[in-house]
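Notes for the one structure printed next.
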């Protein structure tokens with residue numbers, strides 16, 4: 001179905017493109033262009049200003065509008081009707097992605113007209129335009145995605161400060177980054193990725209196109225879940241595997257690793273994969289809803305042999321944990337094959353330490369969430385983790401027992417592998433806590 | 001048409017639906033009643049496929065809602081208790097959007113928008129913004145949105161709240177008309193007197209369980225569910241003893257030595273026989289009145305009975 005027949009897009013057009021706005025926007029932009037064309041502002045020309053306006057309006061303001069379009073559905077109580085509509089997930093994704101920020105696109109399109117009229121057309125200007133477009137769409141998709149994910153953490157009857165917060169955080173993190181696309185600020189030189197030497201602007205364009213693809217796919221998948229489709233976390237796993245492959249580009253093809261200097265390329269690549277898994281796992285542990293009724297259902301389905309349905313209900317943190325365990329096992333084998341024995345043992349113990357601490361921390365977070373009232377469970381878990389990762393090691397260092405700090409810091413295991421045993425004890429205590437809380441849950 | 005089997009829904013720490021089972025015939029209107037927190041909204045959301053239960057099954061028009069929720073959505077219209085409208089859109093745009101998002105389009109949709117707006121009495125408000133409508137008009141617009149695609153099942157959560165008496169009468173008429181067109185409706189409401197006007201069945205929920213499911217039309221046809229009030233000119237200790245065999249098992253006999261009130265499950269011939277037997281036994285019956293048991297009475301008795309109390 002074409003965009004112009006998409007009900008969600010048309011609804012946004014009705015809402016956003018009012019006659020007053022349609023008239024006022026070109027007038028305001030025209031005034032800005034007139035001022036810039038008459039006055040030299042810090043040697044900025046019209047192409048730079050028009051591209052800056054495009055990025056500011058489309059990428060940044062558009063991301064806010066996209067996020068607002070979803071948050072308004074929640075506050076106005078219209079989302080349930082949308083979920084019951086006959087629109088498919090892709091139709092809804094496209095309608096939200098293009099419709100939510102449609103007014104920003106209108107302003108952006110006017111800016112692009114100025115850009116097109118004042119810039120000599122060549123591959124560099126086209127590349128800049130494509131990069132800016134891809135960044136804008138990526139940010140819109142991420143803003144919508146963060147709003148949808150933030151909803152899941154809270155009852156839908158409440159307001160949406162958290163989802164708004166997620167979008168604002170997104171803008172703060174990514175906002176300043178997008179301005180490097182302005183003319184003259186493009187990255188120079190080549191990027192050495194695997195065996196290829198790729199010009200930095202082309203590499204950047206490829207990266208933002210990939211980001212656009214994954215952000216849109218992520219939004220589509222979350223939208224499917226909202227519209228009651230049953231999907232296993234396959235797309236999420238595929239995204240992590242993509243990151244593994246992408247991240248490997250800086251370790252192979254005759255490059256020297258700057259992050260894991262002591263390890264060979266294969267081990268360094270796998271260590272990066274483990275790092276990706278850990279970041280993803282901790283992020284999901286705190287961002288996903290830990291609904292123990294759903295977990296109980298998952299266990300019941302698994303026991304009943306309904307494995308495919310159980311896989312559909314599997315939370316992403318659990319799927320990521322399984323992947324993390326696989327990465328650690330591969331890393332250990334790779335180290336034992338490719339690294340000198342002592343270094344291999346030290347590296348393997350360090351990786352195992354990270355995995356054990358992931359189990360410990362997951363048990364802590366879940367144990368605290370195994371309660372009738374889960375509203376403060378995640379923040380309590382965060383406080384406990386600060387104590388375990390910062391205050392306790394700090395205390396040992398302060399009283400001169402630096403060697404004990406390794407018990408709470410997996411990277412230090414590289415020099416003190418035997419401390420792994422004490423980590424196992426911590427994991428056992430955390431698991432015991434979680435299991436006891438699970439058993440105390442009401443029937 | 002709508003069937004639920006052993007439906008269980010749990011919130012962390014609370015079982016909202018506990019082995020709920022029922023079967024509702026096509027072209028019926030079922031009143032879904034129960035105290036606050038009984039699980040009515042949760043049940044409606046599960047039937048609509050908006051929330052997935054822990055276990056059990058739901059079927060609408062032969063479609064397994066839990067397995068194929070999107071297919072089921074095509075047959076469902078749903079009005080939530082806290083319904084939402086796009087305040088900045090006009091009434092016409094709201095209805096056009098609702099129709100388009102359910103696959104309607106073209107001139108047929110334009111005609112349908114006018115038709116449904118006329119049905120709901122908001123045709124003169126088509127060009128007004130939804131946000132400028134009164135509470136009752138907004139409610140009618142929300143109902144119009146829910147039926148614009150002619151669903152075969154309509155789920156309404158507190159549809160009459162906020163409506164003035166005239167609008168409520170109009171709503172009752174609309175329900176009856178939709179039913180006559182073949183639609184199956186479930187209406188959750190606390191206003192039992194209005195439900196009585198158009199409902200063909202009643203489903204009573206209490207603490208997540210179905211405590212009563214009765215077909216009101218069938219009951220009327222069989223002459224069941226009538227409340228009998230009886231008074232003697234002089235007290236008699238035999239009154240309770242003589243009435244006991246004739247009282248419906250569903251409700252207890254409320255009687256002393258001079259007056260009695262009870263639900264009578266027989267027809268007119270049985271009632272005549274009862275009166276003759278009382279007179280033959282020498283009881284000085286001076287007053288006998290027959291009342292159709294109201295939905296409210298039936299509901300209160302079901303709830304009291306489930307609590308183990310006596311009405």
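Residue numbers (the UniProt record's numbering), protein chains in the order written: chain A, 1 to 443; chain B, 1 to 311.
From the three backbone atoms N, C-alpha and C, an ideal C-beta is built for every residue, glycine too.
No experiment lies behind these values; they were computed from the predicted model shown.
Tell me whether residue i sits in a helix, a strand or coil according to DSSP, three-state version.
i                      : result
residue 296 of chain B : helix
residue 201 of chain B : strand
residue 183 of chain B : coil
residue 193 of chain A : strand
residue 274 of chain A : helix
residue 14 of chain B  : strand
residue 159 of chain A : With a pLDDT of 47 at residue 159 of chain A, under the threshold of 50, the predicted position of this residue should be treated as unreliable, though the coordinate-derived value follows. Of the three classes helix, strand and coil, the one that applies to residue 159 of chain A here is coil, per DSSP.
residue 15 of chain A  : helix
residue 99 of chain B  : helix
residue 304 of chain A : coil
residue 60 of chain A  : helix
residue 259 of chain B : strand
residue 255 of chain A : coil
residue 288 of chain A : coil
residue 221 of chain B : Unreliable placement is indicated for residue 221 of chain B, whose pLDDT of 49 sits below 50; no coordinate value is reported for it.
residue 51 of chain B  : coil
residue 5 of chain B   : strand
residue 70 of chain A  : helix
residue 432 of chain A : helix
residue 153 of chain A : coil
residue 231 of chain B : strand
Where does residue i land, buried or exposed, given buried means 16+ other C-beta within 10 angstroms?
i                      : result
residue 199 of chain B : buried
residue 425 of chain A : exposed
residue 137 of chain B : buried
residue 169 of chain B : exposed
residue 269 of chain A : buried
residue 436 of chain A : exposed
residue 48 of chain A  : buried
residue 57 of chain A  : buried
residue 197 of chain A : exposed
residue 181 of chain B : exposed
residue 286 of chain B : exposed
residue 397 of chain A : exposed
residue 202 of chain B : buried
residue 320 of chain A : buried
The beta strand (DSSP E) spanning residue i covers which residue range?
i                      : result
residue 33 of chain B  : 29-33
residue 56 of chain B  : 55-60
residue 246 of chain B : Counting along the chain, residue 246 of chain B falls outside any beta strand (DSSP E), and DSSP gives it neither H nor E.
residue 77 of chain B  : 76-79
Within a Cβ cutoff of 6 Å, which residues of the same chain sit near residue i, ignoring the five residues on either side of it in sequence?
i                      : result
residue 310 of chain A : 298, 301 and 302
residue 455 of chain A : Absent from the model: residue 455 of chain A. The displayed extent of chain A is 1 to 443, so no value can be given.
residue 313 of chain A : 298
residue 109 of chain B : 99
residue 159 of chain A : With a pLDDT of 47 at residue 159 of chain A, under the threshold of 50, the modelled position of this residue cannot be trusted; read the value that follows with caution. Contacts found: none.
residue 65 of chain B  : 49, 58 and 72
Which stretch, first to last residue, makes up the alpha helix (DSSP H) that contains residue i?
i                      : result
residue 353 of chain A : 341-369
residue 332 of chain A : 316-338
residue 219 of chain A : 200-226
residue 270 of chain B : 268-280
residue 157 of chain B : That residue, residue 157 of chain B, is in no alpha helix (DSSP H); its beta strand (DSSP E) goes 153-157.
residue 213 of chain B : Unbroken run through residue 213 of chain B is the beta strand (DSSP E), 209-215; no alpha helix (DSSP H).
residue 374 of chain A : Residue 374 of chain A -> no alpha helix (DSSP H), and no H or E assigned at all.
Once you ignore the five residues that flank residue i on each side, which residues in its own chain have a CB closer than 7 Å to its CB?
i                      : result
residue 5 of chain B   : 21, 56 and 57
residue 240 of chain B : 253 and 255
residue 217 of chain A : 235
residue 257 of chain B : 235, 236, 237 and 239
residue 90 of chain A  : 220
residue 103 of chain A : 16, 17, 21 and 65
Starting from the C-beta of residue i, find all residues in its chain whose C-beta is less than 8 Å away, skip the five residues before and the five after it, and write them out in chain order.
i                      : result
residue 430 of chain A : 359, 360, 361, 363, 364 and 367
Quick one: list the residues of chain C neighbouring residue i, beta-carbon separation under 8 Å, in chain order.
i                      : result
residue 264 of chain B : Among the chains of the structure shown, chain C does not appear; the protein chains present are A and B.
Short-range partners of chain B found in the segment 224-252 of chain A, where Cβ spacing is below 8 Å
Answer set for the segment 224-252 of chain A: 227, 228 and 229.
Determine which residues of the segment 46-78 of chain A have a Cβ less than 7 Å from any Cβ of chain B, and write them out in chain order.
Listed by position along the chain: 76, 77 and 78.
Between the segment 94-116 of chain B and chain A, which residues of the former have a C-beta closer than 7 Å to a C-beta of the latter?
When CB distances to chain A are screened at a threshold of 7 Å, the residues of the segment 94-116 of chain B falling below it are 97, 100, 101, 102 and 103, in chain order.
In the segment 55-83 of chain B, which residues sit with their C-beta less than 7 Å from some C-beta in chain A, listed in chain order?
For the segment 55-83 of chain B, which is checked against every Cβ of chain A, the residues closer than 7 Å are 69, 70, 73, 74, 76, 78, 80, 82 and 83.
Quick one: which residues of the segment 24-49 of chain B get their C-beta closer than 9 Å to a C-beta of chain A? List them in chain order.
So the list reads 45, 48 and 49, given in the order they occur along the chain.
What residues in the segment 308-328 of chain A bring their beta carbon closer than 9 Å to a beta carbon of chain B?
Residues of the segment 308-328 of chain A whose Cβ lies closer than 9 Å to any Cβ of chain B: none.
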